[in-house]
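Quick mapping for you: the protein sequence lines, in order, are chains A and B. Heads up, the first sequence is in this note's numbering, so the first residue is 3 and it goes up one at a time. Heads up, the second sequence is in this note's numbering, so the first residue is 5 and it goes up one at a time.
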Amino acid sequence: MKKTKTAIFTLLLFTVFASSIYAIEQRGIGILPANPREDNERTQSIFIYESAPGSVVEDGVMVINNTKETKTILIYATDTTPSSDGAFACKQLVEEVVNEGTWYKLEKSEVTLEPNTNEIVPFKVTIPEGVSVGEHNACIVAQEKKELANNPGVNLNFRSAIRAAVTILGDVIKKLEIDDFHYSKNENDKNQLILTLANSGNVSLDSKIKIDVNNFVTSKLFYTNSSDFTIINNNKQTLNFDIENNPWGGVYRANVTTTFEGLNGIETLTKDIVFAIIPSAYALALYIVVLIIIITAILLTLGSKKKFVAAVKDSNEYIVKEGDTFNSIAKDHNVDWKFLAKVNNKKPPFDVEVGEKILIPLIKPKNKEEEKKEIQAPVQPVAPAVVPPTTASIGNSSEIVQPNMQRIGNIPPANMPNPEIPTTLGQNQDSPSNPGI
Amino acid sequence: MKRNKTIIAVSALLITFVTGATSMYFMYKEKYGIVRSATTAITQIINPGILSTDVVDASYEPVASPTFAMTDTTVKFSCQTTTGTLGTSTQQIYVENPDAADGGWTLTIAATSGATAYWNSAVDYDFNDPDTLGCEDGATDSDSLGGQLSINPSVGTLVKATCRTCGITGITKGSSSAFNEGTLDSITLLSAAAASDDIGNWVFTGVGLSQTIPPEQPAANDYSINLTITVTAV
């Protein structure tokens with residue numbers, strides 16, 4: 003039964019595999035190296051020769067027509083041309099060949115091929131005397147022979163090319179540097195990490211590039227990329243890595259590590275940068291709202307603290323007498339009991355003892371009803387104020403004594419409650435539950 | 005056990021017929037990558053896969069004469085800029101690598117007639133003159149025309165085409181660049197790393213085009229230029 007399952011699984015796997023092969027339909031015209039070397043897999047894709055000045059190499063290029071029509075294909079060698087970002091590119095058919103492209107002599111300049119057929123065109127590579135040590139690049143190109151279109155606008159034509167590299171043996175120089183690594187945002191608001199590698203040696207270098215982007219605060223991995231690019235000798239190549247967008251923005255640390263095979267083994271280059279991704283407009287608006295809330299909260303807290311400090315500083319002392327409760331003291335002095343508790347650092351159950359000194363703040367926070375009354379109150383002529391003594395003694399048993407002030411009489415102030423009337427507990431839900439002595 | 009084998013055999017035949025992959029299961033690769041069936045009953049020759057590029061429509065069929073128009077404009081006494089887009093939903097830039105370029109590839113664009121090309125009409129203008137950002141003819145180039153074409157691949161959209169398992173990992177888009185005669189005659193659209201998928205096909209759309217036109221350029225409806233896209237195995 004197990005074998006049956008394995009067999010069915012294998013069949014299914016085959017089906018998927020076969021389907022994926024069918025997904026790529028062969029098309030177009032192009033070329034391949036006709037004689038790839040067994041000792042170098044790369045020669046299946048490009049032409050690679052190691053040779054000495056003055057030598058001649060014979061090889062061939064397979065020209066292929068994978069279209070459904072008979073095609074006449076031009077086949078030619080050209081010089082290279084620096085493309086933007088330092089990528090490898092080949093000169094056009096009409097451009098004069100003056101450099102390494104002249105080393106290649108193809109037996110045919112064009113071939114006519116039936117659909118799905120190919121032909122090998124032999125060629126010779128003649129390496130001039132006195133050529134410098136290192137790598138010399140040219141191109142072998144195939145393109146369809148046809149009249150150029152003349153429609154208004156940009157008319158496109160196509161061709162396929164293969165890099166042909168001749169390395170003159172001698173003192174090879176392998177020198178690769180990270181020339182630049184920075185963050186940028188392109189015209190489409192896409193985040194990019196831009197890496198420029200400079201190969202100042204005399205041979206091309208296959209460099210393995212690893213980029214990791216971590217959140218600067220949380221160190222969480224945000225983006226990673228591993229790739230390997232061939233950096234042509236005496237050339238700077240710029241690579242743009244699109245990184246994911248983060249609408250919430252943030253600060254990130256990007257690390258690039260490049261390894262290549264140097265003269266003394268594997269060499270590693272590394273560089274770190276820190277950059278910030280600007281949040282999207284919506285996220286920014288949300289951040290501003292949150293910031294306003296935080297600032298308001300801070301200001302309120304600071305204001306409350308300031309009021310508290312002022313209250314402690316600008317207060318009278320009241321010495322608790324028998325029969326007082328914390329609530330009664332608050333009511334007697336027209337002070338919110340919570341504020342009074344805060345000023346005196348009282349915690350539940352808000353016990354007070356006879357003789358205990360209670361600070362009575364002179365600055366009293368207004369409750370909302372009072373504020374309302376003040377706003378709604380009609381404006382009346384101001385009568386001459388009867389100023390009660392601010393530092394009067396209150397009866398015989400209760401005293402408000404300001405520091406350094408003498409007792410000046412026994413007349414209780416008009417606004418002071420009769421200390422004989424006990425406060426009824428439970429009248430106010432907000433009152434301390436057991437504020438008795 | 006015999007019953008199981010029968011089931012497997014019938015399943016295999018069914019799958020084979022459904023996928024039409026009779027010879028695929030028994031293929032081997034010969035020199036040059038030519039693939040032949042090992043069975044004697046059915047033979048098939050498949051040409052080696054080649055690295056190629058083209059412009060295809062929404063069904064991935066090649067477009068015969070792909071042309072991309074720039075925005076219309078009128079004659080002006082000052083320098084002006086027209087824009088366009090290379091690669092649309094009906095004219096997609098297409099790249100195919102059926103295991104032909106394992107070491108990576110580049111996709112570049114240049115004027116078919118080389119550095120001395122220009123926008124052709126009764127009165128021409130240039131595509132690669134950097135003088136005053138393309139507004140005037142510079143002394144550094146060989147012609148007497150002003151005008152400069154910029155191409156911005158970084159704003160383009162690269163997606164896989166019909167391949168099932170391939171992706172765009174390892175393929176980077178080129179930076180925005182302007183043609184500059186003799187200095188920058190080719191602009192990189194894409195660069196594929198060796199680690200990019202060896203078997204895959206991709207379409208690239210939305211590449212930005214921007215052309216500065218010198219002042220008092222005469223009205224005409226037939227300004228044209230030929231550009232060549234090259235895919236190169238590196």
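Even glycine gets a Cβ: it sits at the ideal position worked out from N, Cα and C.
Item: Give me the residue from 279/A, 97/A, 58/A and 106/A with the minimum Cα distance to residue 79/A.; Value: 106/A
Item: Would the beta-carbon of residue 206/B fall within 8 Å of that of residue 172/B?; Value: yes
Item: With a 10 Å radius around its C-beta and 16 neighbouring C-beta atoms as the bar for buried, classify residue 334/A as buried or exposed.; Value: buried
Item: Who are the neighbours of residue 208/B on chain A, taking C-beta pairs under 8 Å?; Value: Those within 8 Å of residue 208/B in chain A number zero; the least Cβ separation is about 12 Å.
Item: Going by CA-CA distance only, name the one from 156/A, 104/A, 154/A and 66/A that's closest to residue 116/A.; Value: 66/A
Item: Just tell me which of 103/A, 104/A and 124/A has its CA closest to the CA of residue 113/A.; Value: 124/A
Item: If you drop the 5 nearest sequence neighbours on each side, which residues of the same chain put their C-beta closer than 6 Å to that of residue 58/B?; Value: 66 and 98
Item: So is residue 97/A in contact with chain B if we call contact Cβ pairs under 8 Å?; Value: yes
Item: Quick one: using the 10 Å Cβ neighbour count with 16 as the cut-off for buried, is residue 87/A buried or exposed?; Value: buried
Item: At a CB distance below 8 Å, what residues from the region 139 to 165 of chain A approach chain B? Give them in sequence order.; Value: 141, 143, 145, 150, 151, 152, 153, 154, 155, 156, 157, 158, 159, 160, 161, 162, 163, 164 and 165
Item: Please tell me whether residue 230/B has its Cβ less than 8 Å away from any Cβ of chain A.; Value: yes
Item: Report back the beta-carbon spacing between residue 95/A and residue 145/A to the nearest angstrom; my notes put them in contact at under 8 Å.; Value: 7 Å
Item: Starting from residue 151/B, find everything on chain A with Cβ-Cβ shorter than 7 Å and list it in chain order.; Value: Here the premise fails: no neighbours, minimum Cβ distance about 14 Å.
Item: Please report how far the alpha carbon of residue 212/B lies from the alpha carbon of residue 298/A, in whole angstroms.; Value: 47 Å
Item: In chain A, what lies closer than 8 Å to residue 137/B by C-beta?; Value: By Cβ distance, chain A contributes nothing, its closest Cβ being about 17 Å from residue 137/B, past 8 Å.
Item: Pick out whichever of 109/A, 246/A, 346/A and 182/A has its Cα sitting closest to the Cα of residue 272/A.; Value: 182/A
Item: Using a C-beta to C-beta distance shorter than 7 Å, which residues of chain B count as neighbours of residue 30/A?; Value: 54, 56, 58 and 100
Item: Could you please tell me which residues of the region 181 to 200 of chain A, in chain order, have their CB closer than 8 Å to any CB of chain B?; Value: 188, 189, 190, 192, 194 and 196
Item: Output needed in chain order: residues of the region 241 to 256 of chain A with a Cβ under 8 Å from some Cβ in chain B.; Value: 241, 242, 243 and 244
Item: Helix, strand or coil: how does DSSP classify residue 319/A here?; Value: strand
Item: Do residue 2/B and residue 217/B have their CB atoms nearer than 8 Å?; Value: Limits of chain B in this structure are 5 at one end and 238 at the other, which puts residue 2/B out of reach.
Item: From residue 84/A to residue 284/A, what distance separates their C-alpha atoms?; Value: 43 Å
Item: At the level of alpha carbons, what is the spacing between residue 30/B and residue 70/A?; Value: Reliability fails at residue 30/B, whose pLDDT of 38 lies under 50, so the model's placement of it is uncertain and the value that follows must be treated cautiously. About 26 Å.
Item: Name the chain A residues that come within less than 9 Å of residue 72/B, Cβ to Cβ?; Value: 155, 156, 157 and 158
Item: Tell me the DSSP secondary structure of residue 137/A in three-state form.; Value: strand
Item: As a quick exercise: from 264/A, 210/A and 227/A, pick the residue whose alpha carbon is nearest that of residue 177/A.; Value: 264/A
Item: Can you give me, in chain order, the residues of the region 177 to 205 of chain B that have a beta carbon less than 7 Å from any beta carbon in chain E?; Value: Judged by its chain identifiers, the structure shown contains no chain E, and its protein chains are A and B.
Item: Return the CA-CA distance between residue 304/A and residue 311/A, expressed in angstroms with no decimal places.; Value: 10 Å
Item: Using a C-beta cutoff of 8 Å, does residue 46/B count as contacting chain A?; Value: no
Item: Cβ of residue 171/B less than 8 Å from any chain A Cβ?; Value: no
Item: Please list, in chain order, all residues of the same chain as residue 62/B whose beta carbon is under 7 Å from its beta carbon, the five residues on each side excluded.; Value: 93 and 94
Item: Give me the Cα-Cα distance between residue 282/A and residue 217/A, rounded to the nearest whole angstrom.; Value: 17 Å
Item: Residues of chain B with CB under 8 Å from residue 83/A, in chain order?; Value: 114, 189 and 190
Item: Looking at the unbroken alpha helix (DSSP H) that takes in residue 250/A, where does it start and where does it end?; Value: Looking at the DSSP string, residue 250/A is not in any alpha helix (DSSP H), and its letter there is neither H nor E.
Item: Select from the region 56 to 77 of chain A all residues with a C-beta closer than 9 Å to any C-beta belonging to chain B, and list them in chain order.; Value: 64, 66, 67, 68 and 69
Item: Do residue 137/B and residue 235/B come within 8 Å of each other at the CB atom, strictly closer than that value?; Value: no
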